[in-house]
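Report on the structure given below.
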Amino acid sequence: MAVIIDGKALSAKLKNQMKEKVEFLKTTGINPCLAVIIVGENPASKVYVNNKKKSCAELGIESLEYALPEETTEEELLKIIDELNKNENVDGILCQLPLPSHICEKNVINSISPEKDVDAFHPENVGHIMIGDYTFLPCTPAGVMEMLKEYEIDVAGKNCVVVGRSNIVGKPMTMLLLKENATVTVCHSRTKDLASFTRQADILVSAVGKPGLITEDMVKENAVVIDVAINRLENGKLCGDVDFEKVKEKASFITPVPGGVGPMTIAVLMKNTVTAAECRKNK
Ligand code: GUN
0 MAVIIDGKAL SAKLKNQMKE KVEFLKTTGI NPCLAVIIVG ENPASKVYVN
50 NKKKSCAELG IESLEYALPE ETTEEELLKI IDELNKNENV DGILCQLPLP
100 SHICEKNVIN SISPEKDVDA FHPENVGHIM IGDYTFLPCT PAGVMEMLKE
150 YEIDVAGKNC VVVGRSNIVG KPMTMLLLKE NATVTVCHSR TKDLASFTRQ
200 ADILVSAVGK PGLITEDMVK ENAVVIDVAI NRLENGKLCG DVDFEKVKEK
250 ASFITPVPGG VGPMTIAVLM KNTVTAAECR KNK
């Protein structure tokens, strides 16, 4: 039976550390501030944005919410981002993805000032991550790395398999694991015989968004299994990609959904916002 990695507890611990930093920053006249933009009515996005706002409030970080209607034009959105880029009291800007299909995500990501890009989605920040020299860590992959560190899971020399190649998770996850000297294999929708790769994994990270994708027979005995996906089932319950009940009997460590990676993403977002505020202070 695996150790269940407690993302909620670790997130609370990291957020507490950030709370102290926020209190200190305030004594120096810097009030950390995160602008959160959401366009449209995607129910999952609404939940994520609410959780981000709630965390800001817990930590004493000011949050500015821009809840824009579905029919907002790209031009209108870019104008708001431009104003936020210029606003010296705003440290971080986050535009929740996905955006409605009439708005080009690339244009929006590219318009956010790299110094305020707390998601680390801007090509300049992606380049820093690629080189292994960064100010902002990509929130979800960095949250996974924090979990591995907390549970003293050494990744150096391990076979790590990342399932999913998104710009948000799969690709940056690969880079962070590589930086810590893992041997990394990336699998995706066109991979032939996925199980033949996942069975080799000492550390398996799944970030696809397909309930039941990772079954017990696809996991090596005593593997570390990290489930990044958050899927909502028809009965309203949340689950990841991994068949948790069966895989937990075989793995050495496993993350639950909910209560695993999800809370860590927010903790790293708070960390990035504090980092941006510290950069403002040191300007
Ligand atoms: N949509 C899903 N995950 C994320 C995230 O980490 N940041 C943003 N901005 N949008 C997302």
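Quick note: the sequence shown uses numbering that gives the first Met the number 0, first residue 0, plus one each step.
Glycine included, every Cβ here is placed at the ideal spot set by N, Cα and C.
Coil, strand or helix - residue i by DSSP
i    : result
S205 : strand
I265 : helix
V2   : strand
N230 : strand
L212 : coil
Endpoints, the alpha helix (DSSP H) within which residue i is located
i    : result
T184 : That residue, T184, is in no alpha helix (DSSP H); its beta strand (DSSP E) goes 182 to 186.
V246 : 243 to 246
A200 : Taken as a continuous stretch (DSSP letters only), A200 belongs to no alpha helix (DSSP H), as it is neither H nor E.
Classification of residue i by the beta-carbon crowding that lies within 10 angstroms, buried from 16 upward
i    : result
R189 : exposed
T272 : buried
V46  : exposed
M0   : exposed
Q16  : exposed
A8   : exposed
R231 : exposed
K130 : Checking the displayed sequence, the identity of residue 130 turns out to be Ile instead of Lys. Under this definition I130 is an exposed residue.
K157 : buried
Residue i versus the options, residue with shortest Cα-Cα distance
i    : options                : result
S205 : V227, E220, F196, A222 : V227
D240 : L76, V154, G211, E277  : G211
I37  : A56, A11, L77, I4      : L77
A250 : N281, T214, C138       : T214
E19  : G6, V2, N49, C55       : C55
T71  : F23, C103, D153, A275  : C103
I225 : V162, L136, A66, F196  : V162
N281 : K12, L24, A11, D5      : L24
L96  : V185, A66, N124        : A66
Range of the contiguous beta strand (DSSP E) that encloses residue i
i    : result
V223 : 223 to 226
Every unbroken beta strand (DSSP E) within the stretch 55 to 110, with a cutoff of 3 residues, ordered by chain: 61 to 67, 91 to 94
Extract the residue ranges of the beta strand (DSSP E) inside the stretch 16 to 44, only unbroken runs of 3 or more that lie entirely within it. 32 to 38
Whole runs of the alpha helix (DSSP H) within the stretch 105 to 191, excluding any shorter than 4 residues: 122 to 130, 138 to 149, 169 to 178
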